[in-house]
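Quick note on numbering: UniProt numbering labels position 169 of the sequence shown as 169, and the sequence is numbered without any gaps. By construction, the Cβ of each residue, glycine as well, lies at the ideal position given by its N, Cα and C atoms. Since the structure comes first, as structure tokens, the remarks are kept for the end.
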Amino acid sequence: MLKKIFGSAKDIIVIFVCALLLSLFIKGFLIDNRLIPTSSMVPTVPVGSRILVNRLVYDFGEPQFQDIVVFEPTESTKEEVGRGDDMLKRVIGVEGDVIVIVDGQLYRNGETVYEPYISAPMDYEFGPVEVPEDCVFLLGDNRNYSFDAHLWSNPFVPVDNVKGKAFFLYWPKENFGTLH
1 MLKKIFGSAK DIIVIFVCAL LLSLFIKGFL IDNRLIPTSS MVPTVPVGSR ILVNRLVYDF
61 GEPQFQDIVV FEPTESTKEE VGRGDDMLKR VIGVEGDVIV IVDGQLYRNG ETVYEPYISA
121 PMDYEFGPVE VPEDCVFLLG DNRNYSFDAH LWSNPFVPVD NVKGKAFFLY WPKENFGTLH
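Structural data, given as structure tokens:
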């Protein structure tokens, strides 16, 4: 009888340790969980949201236009913000793209960009700028209240600073679902 009890306890411990190791592997290499403390991505990502980030996706490719990414700000942006926390923004330009904002409208390579995700038309003008090699141009969806590329002294973020693609919002439950 004791052998049966201790045998099943041993099985439970082995299962628990395996589950713990698997979760640490997933957290460390594949998927990251993030709390979003700012309003820069409203309405897509409300303040206080919890999201999942695919940390592996850019090991096999580059950030794409309109991806929502987590990234480490450049040193100059860290100084301007006054902190070095990772940030969440949307990819608006990739290498070679020319970005212009005129009369509240975003243009990418001379084409009007349809942006159903922004909270309001932009109340500023910007550009034109060409995104350099191995860089991205990032803006928040809450364009008029986001401290992003249109305000940074260096508006470009090296692709190497991009840590992953945000793909799922799981809190608050009213916004539960994939991110686009």
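Spanning the alpha carbons of LYS163 and ASN54 requires a straight line of approximately 8 Å. Per the DSSP secondary-structure output, ARG108 pairs in a beta bridge with ILE99 and GLU111.
Taken through DSSP and simplified to helix, strand or coil, ASP141 comes out as coil.
Inter-residue distance for SER49 and ALA166 is about 12 Å (C-alpha atoms, whole angstroms).
Within its own chain, the residues whose Cβ lies closer than 6 Å to the Cβ of LEU106, once the five positions on either side in sequence are excluded, are VAL113, listed in chain order. Beta-bridge partners assigned by DSSP to LYS89: VAL69. Pairwise C-beta distances place the stretch 112-131 out of contact with the stretch 69-86, as fewer than three of them are shorter than 8 Å.
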